[in-house]
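A.B. asks:
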Amino acid sequence: MPIAQDILRILDHQKTSCRIPRESDEVEKDECMLSFDNPFSPDGLYTNLKSWQSYGREFVEKDSEKSQHQIYLFQKFYKHLKPETKESNETTKTPSLLGLGIENGFSGNDDSIELERQYFICVLPSFTLVELTEKDLPTQIAASAQAIIAHKGAAAKATDIWVPDIKESKYSNNLVQLKAGSIRVSPNPKDWQCAECGETKNLWLNLSDAYVGCGRQQFGGSGGCGASLRHFEHTGRTYPLAVKLGTITTDGADVFSYEEDDLVKDSALAQHLSHWGIDIMKLQKTDKTMEELDIDLNKGFILGFVLETRNCLVYLCFFLRVFDDESIRNGLQFACVITLNYIFETIKH
0 MPIAQDILRI LDHQKTSCRI PRESDEVEKD ECMLSFDNPF SPDGLYTNLK SWQSYGREFV
60 EKDSEKSQHQ IYLFQKFYKH LKPETKESNE TTKTPSLLGL GIENGFSGND DSIELERQYF
120 ICVLPSFTLV ELTEKDLPTQ IAASAQAIIA HKGAAAKATD IWVPDIKESK YSNNLVQLKA
180 GSIRVSPNPK DWQCAECGET KNLWLNLSDA YVGCGRQQFG GSGGCGASLR HFEHTGRTYP
240 LAVKLGTITT DGADVFSYEE DDLVKDSALA QHLSHWGIDI MKLQKTDKTM EELDIDLNKG
300 FILGFVLETR NCLVYLCFFL RVFDDESIRN GLQFACVITL NYIFETIKH
C-alpha cells in the first residue's frame with residue numbers, strides 16, 4: 000500500500016535524525032522506560048529511532064512531544080504454543096550452573112512457545128504504520144529500524160551471561176586460629192550437629208575456633224537457626240570465616256566470610272581444616288553447595304517470575320499513580336523495596 004503524501008513528508012523531514020546504533024551502544028528496546036509494557040503487551044512497544052528508548056502506548060505521545068521526533072519502530076510480539084512432539088516431551092536438561100546464556104546454565108527460553116514478531120515504522124501523531132519493506136521508505140529510516148531489531152538490547156546484554164564472581168577472602172592468608180589442643184572435628188557427617196539447636200543440616204564450621212552452627216534461615220523457611228552468625232557476633236566479630244560442612248572436597252568448598260558478607264575463596268582451606276584434624280583428601284560431598292541451592296530455588300520460583308512463566312508481574316508504576324497522597328505512595332514504594340530485599344537477602348547464607 001503506497002505511503003500517503005503527508006506521511007512521506009514527515010519521513011523525509013525527520014529521516015536524518017534517525018540514528019543507526021552500533022553494537023556497543025545502549026538500546027532500550029525491550030521494555031517501556033516508564034512502565035512494564037513490552038512487545039507482548041496488547042498495544043505493543045514503540046522505540047524512538049532518535050533516542051533508542053522505548054515507550055508503551057500510554058507514554059509514547061509524551062515522548063514524541065519531548066524529543067521533537069515522530070518516527071518510531073513499532074514492535075508487536077505474539078506467543079503461540081508449539082504442537083507437542085516426542086522431543087518436546089523429553090526431560091529438559093537440568094542446569095548445573097547459576098548463569099544465563101552459558102553452557103550448563105539457564106537458557107531463559109521456553110521451548111514450548113513459538114514467537115511471532117511483527118515490526119513496523121510508526122509515524123506519530125496519527126500512529127500510521129508503514130511496512131519496513133515499503134519501497135518508498137527512506138533508506139536511513141529502514142537502516143535505523145533494522146539495526147535496532149538486530150541489536151541485542153540493553154536488557155539482553157545485562158543478563159546474557161551472569162556467573163557469580165567469588166573473590167579470594169582477605170583473611171585467607173592471615174586467618175586467626177585458636178590453639179587446637181584436644182579439639183578435633185569428626186570427619187563423619189553423622190557426628191555433625193549444631194551446637195545451639197542440634198540441627199544436622201546446613202552446618203557451618205568456624206575455621207578460627209571450630210564452632211559448628213546452623214546457617215541463616217533461607218527463603219521459604221528452611222536452613223537453620225542462624226547460630227553460626229550469632230557466634231560470629233558474640234565473639235566480637237573476630238572469627239570471620241566459616242566453611243559449610245558437607246561441601247568440602249579436594250576441589251574446594253563453600254566458604255562464607257561474615258565480615259565481607261559474601262561467599263569467598265580460601266586458598267589455604269586445606270591448611271585451615273588440617274588445624275582442626277580434618278583431612279580434605281578424605282572428605283566426600285554430602286550436602287548441596289549454596290550455588291546448587293540457588294539453582295534449585297531459581298528453577299522453582301524466582302526464575303519463573305523473571306521469565307514470566309508464572310505471569311506474576313506487578314504493574315507498580317500504575318498502582319502507585321492511583322494514590323494521590325504522597326505519603327501513601329512513599330510507603331508502598333518502601334514496602335516493595337523491603338520485600339524485594341527480603342527475597343534476595345534470605346537466599347544468602
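With numbering that gives the first Met the number 0 applied, the sequence shown corresponds to residues 0 to 348, in that order.
Beta carbons are placed, not taken as given, at the ideal position from N, Cα and C, and that holds for glycine.
Every value quoted in this text rests on a predicted model; they were computed, and no experiment measured them.
Have a look at 82, 182, 271 and 121 and flag the residue whose alpha-carbon is nearest the alpha-carbon of residue 55.
C.D. replies: The option with the nearest alpha carbon to residue 55 is 121.
A.B. asks: On the three-pair Cβ rule with 8 Å, is the segment 175-193 touching the segment 263-277?
C.D. replies: Contact between the segment 175-193 and the segment 263-277 is present, because at least three Cβ pairs lie under 8 Å.
A.B. asks: Of the residues 192, 147 and 76, which one's Cα is nearest the Cα of residue 52?
C.D. replies: Of 192, 147 and 76, the residue nearest in Cα terms is 147.
A.B. asks: To the nearest angstrom, how far is the alpha carbon of residue 291 from that of residue 203?
C.D. replies: Taking the straight line from one Cα to the other gives about 16 Å.
A.B. asks: Report yes or no: do three or more beta-carbon pairs, one from the segment 195-210 and one from the segment 222-238, lie closer than 8 Å?
C.D. replies: Enough Cβ pairs lie closer than 8 Å, so yes.
A.B. asks: Look up residue 46 in the DSSP assignment and say whether it is helix, strand or coil.
C.D. replies: If DSSP states are grouped into helix, strand and coil, residue 46 belongs with the strands.
A.B. asks: Enumerated in chain order, which unbroken segments of the beta strand (DSSP E) with a length of 3 residues or greater are wholly contained in the segment 176-249?
C.D. replies: Within the segment 176-249, the complete beta strand (DSSP E) runs of at least 3 residues are 202-205, 211-213 and 240-243.
A.B. asks: I think residue 129 touches residue 123, with their Cβ atoms under 8 Å apart; what is that distance to the nearest whole Å?
C.D. replies: Not quite, the Cβ-Cβ distance comes to about 12 Å (not below 8 Å), so this is no contact.
A.B. asks: Run through the DSSP bridge pairs and tell me what residue 118 is partnered with.
C.D. replies: Answer by DSSP bridge pairing, in chain order: 74.
A.B. asks: Roughly how far, in whole angstroms, is the beta-carbon of residue 253 from the beta-carbon of residue 240, given that I think they are within contact range, below 8 Å?
C.D. replies: The pair is not a contact, with the Cβ atoms about 11 Å apart (cut-off 8 Å).
A.B. asks: As a quick exercise: from 114, 140 and 265, pick the residue whose alpha carbon is nearest that of residue 174.
C.D. replies: The residue with the shortest Cα to Cα distance from residue 174 is 265.
A.B. asks: With which residues is residue 128 paired in a DSSP beta bridge?
C.D. replies: Answer by DSSP bridge pairing, in chain order: 121.
A.B. asks: Taking 6 Å as the limit between beta carbons, can you name the residues of its chain near residue 208, skipping five residues before and five after?
C.D. replies: These residues qualify, in order along the chain: 177 and 238.
A.B. asks: Between which two residues does the beta strand (DSSP E) carrying residue 262 extend?
C.D. replies: Note, residue 262: beta strand (DSSP E), 261-263.
A.B. asks: Excluding the five sequence neighbours on either side, which residues of its own chain have a C-beta within less than 7 Å of the C-beta of residue 318, listed in chain order?
C.D. replies: Residue placement at residue 318 is poorly supported in this model, since its pLDDT is 44, which falls under 50; the coordinates still yield a value, given next. Excluding sequence neighbours, residue 318 sits near nothing in its chain.
A.B. asks: If we count Cβ pairs, one from each stretch, closer than 8 Å, do we get three or more for the segment 28-47 versus the segment 70-83?
C.D. replies: At 8 Å Cβ cutoff, the stretches touch.
A.B. asks: Kindly indicate which residue of 287, 251 and 285 has the alpha-carbon position closest to the one of residue 271.
C.D. replies: Cα-wise, what sits closest to residue 271 is 251.
A.B. asks: Write down the C-beta distance between residue 140 and residue 10 rounded to the nearest angstrom, noting that I regard them as a contact closer than 8 Å.
C.D. replies: 6 Å between Cβ atoms; contact.
A.B. asks: Comparing C-alpha positions only, which one of 269, 66, 23 and 281 sits nearest to residue 16?
C.D. replies: Minimum Cα distance to residue 16 is reached at 66.
A.B. asks: Output the distance between the C-alpha atoms of residue 151 and residue 37, rounded to the nearest integer angstrom.
C.D. replies: Each residue's alpha carbon lies about 15 Å from the other.
A.B. asks: Between 288, 285, 256 and 242, which has its C-alpha nearest residue 269's C-alpha?
C.D. replies: Of the listed residues, the one whose Cα sits closest to residue 269 is 242.
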